[in-house]
Amino acid sequence: MTDDAYLFLVDTGLGPGWHGTPASLVGELECLRTPAVRAWLDAHGTDVNSPALRVVPPEQTGMIPREAERLPVPLDGEELERVRRAGATDPVAAVEEELLAYRDSEEGRDALLHKALAAGVPAHRIVELSGVDPASLPSAPRS
């Protein structure tokens, strides 16, 4: 695992089996305006709005296809959270939004924590998003 997020290019003709989030769905990323990224995109004949341009957070760099052109990019905390949320599955993304909102409330705490675990949100993400003490997390739901 690295500390950098990655931009990478995929062959959009391969169908929907690729990984990563289209950079255009994440919103404005400061790194996309840097001369280094602009030069990299120009060298590959593409731009920031291309469906081939993907982004992954540091913990998902293993999802980048081996043959893909890639570029490490630094993201600030808010940008990294947007990349993670944009790349999450719909149920996980919805629960992550609730966890972020929970920081300001105690109401329904246990139910929300159980819901997050049941949706497959990893414990470290629950702690990161909600601000709860890791020791206060309930046991993972049984299948």
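Residue numbering for the sequence shown follows the numbering used here, starting at 353 and increasing by one per position.
Heads up, the beta-carbon is just placed ideally off N, CA and C, and yes, glycines get one too.
Distances from the alpha-carbon of Pro-387 to those of Val-378, Asp-399, Glu-430 put Asp-399 closest. Of Ala-471, Leu-465, Ser-376, Asp-363, the smallest CA-CA separation from Glu-419 is found for Asp-363.
Taking the Cβ atoms as the reference, Pro-409 lies roughly 5 Å from Ala-357, within the contact range of under 8 Å. Annotated three-state conformation of Pro-410 is helix, per DSSP. DSSP places Val-425 within a strand segment (E or B) once states are collapsed to three. Note that the segment 416-436 touches the segment 378-392; at least 3 beta-carbon pairs, one per stretch, sit closer than 8 Å.
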